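A short worksheet on the structure shown next.
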Amino acid sequence: MPLALWALAIGAFGIGTTEFVVTGVLPGIADEFGVPISVAGNVATVYAMGVFIGAPLTTAIGTRVERKRMLAALMVLFVVGNLITSVAPTFGVVLVGRVITSLTHGAFFGIGAVVAADLVAPNKRASAIAFMFTGLTIANVVGVPAATLLGQSASWRATYGVITLLGVIGLIGILALVPRGSTPKGARIRPELAAFTNPQVLLAMAMTVLGFGGVFVSITYIAPMMVEVAGFAESSVTWLLMLFGLGMVVGNSLGGRFADRALMPMLYTALAALAVVLLAFTWGAHSTIASAVLVFLVGAFGFATVPPLQKRVMDKAAEAPTLASAMNIGFFNLGNAIGAWLGGFVIAQGFGLTAPNWAGAVLPAGALLLAVLSAVLDRRDAARRVAVAPAATSTDELADAGAAGAPISHGSP
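Heads up, the sequence shown is in numbering that gives the first Met the number 0, so the first residue is 0 and it goes up one at a time.
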């Protein structure tokens, strides 16, 4: 893989760390500013919504900016947002810092995925996208636990201070390693928006919401589920989340590798397996050993869907992939928000702490149905092209014959 992909992966590592570390430092933020934990949770909420809303807006602004410069500008925004968070004098300023930081997320991954795909041969593009996303997955194995430990031993401000430094390193890497591309000419926002009239693009994004949303129906409530149902000690939740992160790393790598060979079969497999694993987790949550295995598998099959889904969107919006790619990252976060809400809803209805697992299984099952529908549309479109091609060829041959002065027969002799 080109060195430039390492720079993108470092940026992804910083973004992944700042997104997920909030679960570990939330009590510290609540204590310092004297707000209830439910109010402090808005730190995560404004970030997720900022990603969903900010992804298309930030990308649209950058449609006329050369991609390397845009990536560098996004990392500057990331540094500023985390710096504001780390020195915030009030809780309101913390929220402002998180919103600024969130504006980086969708556009960075969306534009970064396009850049990563352009750096390699066509048959390696899904692997290149997966390599960039490896930074995000490793953040859950290394970055988040380390940053949480720093927040607990020092302060949450120190956590965001270190994340700010990660952003500086990512910025330097992008400036030094990512090659310059051509500067877009003219206003490109119209063709970018036109991609959203393609039913296949919309289907792929719907698969993103449902497929990855299923993961967060379950994983959002993993701590109370593991402690109160599986019987783990509270201290074990940290390594269980690391196990989930390790599954994400493995799934992301395999998803990228096999998507390069056969994208749709890889997508079918990952979505079907995720639905089965989540359903099995409903009963497996009562066993410590089964729980540990299933937490890993949820991470693995959940993130195995990411490279093929991202590449699917880019393929179907091939003439203007940047906005669609970034918007799809926003839809991953929309799936997270919907998943967290659905998990809380079924628990509130009295179905128990394991209910998010079977509720979560419904979402990737729905995504699988959409994937099959998308493939059917692909085959229908291919059949139409085959049917049109002979007619077009015959017309061209008649025109050539007429131009050459050859006699053209009309009807039977």
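We treat Cβ as the ideally placed atom computed from N, Cα and C, and that holds for glycine. Just so we're clear, the structure is a prediction, and the values are computed from it rather than from any experiment.
Check: Residue ranges of each beta strand (DSSP E) run of no fewer than 3 residues wholly in the region 108-168, ordered along the chain?
Finding: Counting whole runs of 3 or more residues, the region 108-168 contains no beta strand (DSSP E) stretch at all.
Item checked: Nearest neighbour of residue 67, chosen from 154, 114 and 77 [CA to CA] -> On the sequence shown, position 68 is the one that residue 67 refers to. That would be 114, whose Cα lies nearest to the Cα of residue 67.
Item checked: Candidates 174, 325, 304 and 239, of which the one nearest residue 224 by Cα -> Here residue 224 refers to the residue found at position 225 when the sequence shown is read from its first residue. It is 239 whose Cα lies nearest to the Cα of residue 224.
Notebook entry, point to check: Can you give the Cα-Cα distance for residue 300 and residue 272, rounded to whole angstroms?
Noted result: As a working mapping, residue 300 is identified with position 301 in the sequence shown. As a working mapping, residue 272 is identified with position 273 in the sequence shown. About 7 Å.
Margin query: Considering only the alpha carbon of each residue, which of 221, 275, 320 and 198 lies closest to residue 362?
Written below: If you number the sequence shown from 1, residue 362 lands on position 363. Of the listed residues, the one whose Cα sits closest to residue 362 is 275.
Next item on the list: Could you round the C-beta distance between residue 218 and residue 297 to whole angstroms and report it? I think they count as a contact, below 8 Å.
Entry: Your numbering for residue 218 matches position 219 in the sequence shown. Your numbering for residue 297 matches position 298 in the sequence shown. Contact between residue 218 and residue 297 holds, with the beta-carbon distance rounding to 6 Å and staying under 8 Å.
Notebook entry, point to check: How is residue 34 classed by DSSP in three states: helix, strand or coil?
Noted result: Start at 1 with the first residue of the sequence shown, and residue 34 comes out as number 35. Note: residue 34 maps to coil in three-state DSSP.
Checklist line | Reduced DSSP secondary structure (H/G/I, E/B, other) of residue 359 | finding: Residue numbering aside, residue 359 sits at position 360 when the sequence shown is read from its first letter. If DSSP states are grouped into helix, strand and coil, residue 359 belongs with the helices.
Checklist line | Under the three-state DSSP convention, the category residue 251 falls into | finding: Residue numbering aside, residue 251 sits at position 252 when the sequence shown is read from its first letter. It is helical.
Check: Can the beta-carbon of residue 215 be found less than 8 Å from the beta-carbon of residue 365?
Finding: Reading the sequence shown from its first residue, position 216 is the one you call residue 215. Reading the sequence shown from its first residue, position 366 is the one you call residue 365. For residue 215 and residue 365, no; Cβs fall outside 8 Å.
Checklist line | Outcome for residue 270 when other beta-carbon atoms lying within 10 angstroms are tallied against a minimum of 16 | finding: Position 271 of the sequence shown, counting from 1, holds the residue named residue 270. By the C-beta density criterion, residue 270 is buried, having at least 16 other C-beta atoms within 10 angstroms.
Note to self: Within a Cβ cutoff of 7 Å, which residues of the same chain sit near residue 488, ignoring the five residues on either side of it in sequence?
What the structure shows: Within the shown structure, residues of the chain are numbered from 0 to 412, placing residue 488 beyond reach of any answer.
Margin query: For the pair the region 171-178 and the region 47-65, tell me if three or more CB-CB distances fall below 8 Å.
Written below: Counting C-beta pairs closer than 8 Å gives fewer than three between the region 171-178 and the region 47-65, which falls short of the contact rule.
Notebook entry, point to check: How do the region 127-146 and the region 243-257 stand: do at least 3 beta-carbon pairs fall below 8 Å, yes or no?
Noted result: Three or more Cβ pairs drawn from the region 127-146 and the region 243-257 lie within less than 8 Å of each other, which places the two stretches in contact.
Item checked: Under the three-state DSSP convention, the category residue 285 falls into -> The residue labelled residue 285 in the question sits at position 286 within the sequence shown. Coil, per DSSP.
Check: The alpha helix (DSSP H) with residue 199 in it runs from where to where?
Finding: For the purposes of this step, residue 199 is identified with residue 200 of the sequence shown, where counting begins at 1. Counting along the chain, the alpha helix (DSSP H) containing residue 199 begins and ends at 198-218.
Margin query: Taking the alpha helix (DSSP H) that residue 344 belongs to, which residues open and close that run?
Written below: In the sequence shown, residue 344 corresponds to position 345, counting from 1. Residue range 320-347 is occupied by the alpha helix (DSSP H) that includes residue 344.
Note to self: Is the beta carbon of residue 213 closer than 8 Å to that of residue 359?
What the structure shows: Position 360 of the sequence shown, counted from the start, is the residue given in the question as residue 359. Position 214 of the sequence shown, counted from the start, is the residue given in the question as residue 213. Their beta carbons are under 8 Å apart, which means residue 359 touches residue 213 by this criterion.
Note to self: Using the Cβ count rule (16 or more neighbours within 10 Å means buried), how would you classify residue 349?
What the structure shows: Translated into positions along the sequence shown, residue 349 becomes position 350. It counts as exposed.
Note to self: Could you tell me the alpha carbon to alpha carbon distance between residue 321 and residue 135, rounded to whole angstroms?
What the structure shows: Here residue 321 is taken as the residue at index 322 of the sequence shown, counted from 1. Here residue 135 is taken as the residue at index 136 of the sequence shown, counted from 1. Taking the straight line from one Cα to the other gives about 20 Å.
Notebook entry, point to check: For the alpha helix (DSSP H) that residue 306 lies in, which residues bound it at each end?
Noted result: The count along the sequence shown starts at 1 and reaches residue 306 at position 307. From DSSP, the alpha helix (DSSP H) with residue 306 extends over 305-315.
Check: What residue range is occupied by the uninterrupted alpha helix (DSSP H) comprising residue 51?
Finding: The residue labelled residue 51 in the question sits at position 52 within the sequence shown. Counting along the chain, the alpha helix (DSSP H) containing residue 51 begins and ends at 41-60.
Notebook entry, point to check: Is there contact here, the region 322-330 with the region 250-260, by at least three beta-carbon pairs under 8 Å?
Noted result: The region 322-330 is not in contact with the region 250-260.
Notebook entry, point to check: Between 125, 373, 367 and 377, which lies nearest to residue 307 when the distance is taken from Cα to Cα?
Noted result: Residue mapping note: residue 307 aligns to position 308 of the sequence shown, counting from 1. Comparing Cα positions, the closest option is 125.
Checklist line | Collapsed DSSP secondary structure at residue 227 in the structure displayed | finding: Position 228 of the sequence shown, counted from the start, is the residue given in the question as residue 227. In the structure shown, residue 227 falls within a helical segment according to DSSP collapsed to helix, strand and coil.
Next item on the list: Measure the Cβ-Cβ separation of residue 309 and residue 99 and say whether it is below 8 Å.
Entry: For the purposes of this step, residue 309 is taken as residue 310 along the sequence shown, with counting starting at 1. For the purposes of this step, residue 99 is taken as residue 100 along the sequence shown, with counting starting at 1. A distance of 8 Å or more separates the beta carbons of residue 309 and residue 99.
Margin query: Tell me whether the region 75-82 and the region 22-39 touch, counting them as touching only if at least three CB pairs, one residue from each stretch, are closer than 8 Å.
Written below: The region 75-82 makes no contact with the region 22-39, as fewer than three CB pairs between them are under 8 Å.
Check: Helix, strand or coil for residue 186 per DSSP?
Finding: Position 187 of the sequence shown, counting from 1, holds the residue named residue 186. In this predicted model, residue 186 has a pLDDT of only 45, less than 50, meaning its place in the structure is not dependable; the value taken from the coordinates is given anyway. Here residue 186 sits in coil by DSSP.
Item checked: Per-residue burial, residue 42 [other beta carbons within 10 Å of its own, 16 or more giving buried] -> As a position in the sequence shown, residue 42 is number 43, starting the count at 1. By the neighbour-count rule (16 or more Cβ atoms within 10 Å), residue 42 is buried.
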